[in-house]
Amino acid sequence: MAPVINRPSPLLKGIAAVLLFGSVPACIRTIHFDAVALGIARLALAAAGMGIILTLKGRRPFGPVGDWSLATLTPLAMIGACFGLHWLCFLSSIKIASASIGAIGFSTYGVQLSLLGWAAGHPRPGWRTIIGVALAMLGSWLCLPAGDGATGDDYLLGLIVAILSGTTYAALPLLHQRYAQLDNDVRTWGQFAFGLCIFLACAPASREWGRDTTDIWKLIHLGIVVTLVGHLLWVHATTELPIAITSVLAYLQLPTVLTVNYFAIGEQVSSAMLAGAACIVAANAIALGGKRPPAAKATDAAPEEPTIAET
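Numbering-wise, the sequence shown is residues 1129 to 1439 according to this note's numbering.
This is how it looks when you write it as structure tokens:
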């Protein structure tokens, strides 16, 4: 009789994915790559990885000329540009302020999704969204340090850039739904490849490309372990788990990030920042709770990067 192999449960896979995603801001903060250099390196790995996956599936990213008409390239370029701007803002916010501020500001994307969905023609936001927006604004204000000075200015700028990262990220599921007729893997590859173009355009501004082997290991962790393994675990988990459990895991992402930041890199979090983070988590839960519009369903995932198709 063949031995019985116990496979990890979907819940364990989901928890493992959340922990991997939670390590991202700390790695970004401590790696000796600037935002542009890190974006180029990580997206190059991701685009190459998706290219290999497409090739193994028999769907090469560079197929016959007829497969790459303007009608195909334009949506891929739009998705990639939006994703590239999201990553550029997210990486920059962490470098400017802190890993925690970057994660907190970005986490407002759930509330912003409801507003962008309305602008794109989805049902008008109700009282849940209004309360969510108010809580998100309160939470963002609580995260800012008291007083003036260079540190306060950096935190304010970092928070604004992080919120912009959440805005561009919230637009991604709307674009993916609009162009759902394109193959999912091709859209994923286009998201990485055209997103890379945004960073390549900024390459002349890059100044720091790592110092030692530790930076290489962190890059491998970010580009391969998190992007490929983490998303694979998350996709498997969210495919089998009920939406309610998936939502709970998603809302645990921000507390996980703050915990990892504290224990891994010693980043202090004030009581006001914890209160602000709680407000933002509650804002997302309220705004995306109840009967959600179709656009919101595409975002049942972790805050830094929910599924491989949207990262």
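Where a beta carbon is used, it is the ideal one built from N, C-alpha and C, also for glycine.
All figures in this text were calculated on a predicted structure; none of them were measured in a lab.
Counting C-beta neighbours from all protein chains within 10 Å, is the total for residue i 16 or more, i.e. buried, or is it exposed?
| i | result |
| --- | --- |
| K1185 | exposed |
| F1391 | exposed |
| N1389 | buried |
| G1194 | Because G1194 sits at a pLDDT of 46, beneath the cut-off of 50, its placement in the model cannot be relied upon, and the point is left open. |
| I1180 | exposed |
| C1325 | exposed |
| Q1309 | exposed |
| I1156 | buried |
| R1256 | buried |
| N1312 | exposed |
| S1137 | exposed |
| L1139 | exposed |
| T1342 | exposed |
| I1222 | buried |
| G1267 | buried |
| A1372 | exposed |
| P1203 | buried |
| A1378 | buried |
| S1220 | buried |
| V1376 | exposed |
| L1300 | buried |
| L1416 | buried |
With the cut-off set at 8 Å, would you say residue i and residue j are in Cβ contact?
| i | j | result |
| --- | --- | --- |
| W1337 | A1165 | yes |
| A1290 | F1218 | yes |
| F1234 | Q1381 | no |
| T1367 | M1178 | no |
| I1408 | T1236 | yes |
| R1187 | V1314 | yes |
| L1302 | L1369 | no |
| L1171 | G1323 | yes |
| L1350 | V1152 | yes |
| F1320 | A1174 | yes |
| G1260 | I1414 | yes |
| A1144 | L1347 | no |
| E1395 | A1227 | yes |
| A1298 | L1356 | no |
| A1410 | L1292 | no |
| A1163 | I1393 | no |
| H1214 | R1339 | no |
| G1238 | N1412 | yes |
I'd like to confirm the pairing. Which residues does DSSP put opposite residue i in its beta bridges?
| i | result |
| --- | --- |
| W1337 | F1161 |
Assuming residue i contacts residue j under a Cβ cut-off of 8 Å, what Cβ separation, rounded to an integer in Å, is found between them?
| i | j | result |
| --- | --- | --- |
| L1287 | I1229 | 6 Å |
| H1364 | K1141 | 5 Å |
| A1405 | L1386 | 6 Å |
| L1216 | A1400 | Between A1400 and L1216 the Cβ distance is about 28 Å, and since that is not below 8 Å, they are no contact. |
| F1327 | I1168 | 5 Å |
| L1284 | L1272 | 6 Å |
(message) Just to confirm the assignment: which complete alpha helix (DSSP H) runs, minimum length 4, are found wholly within the region 1250 to 1288?
(response) 1255 to 1271
| request: Give, in chain order, every unbroken run of the alpha helix (DSSP H) that is at least 4 residues long and sits entirely within the region 1140 to 1213. | output: 1152 to 1158 and 1163 to 1184
Run through the region 1359 to 1423 for me and flag every whole alpha helix (DSSP H) of 4 or more residues, listed as ranges in chain order.
1359 to 1368, 1371 to 1379, 1381 to 1393 and 1399 to 1416
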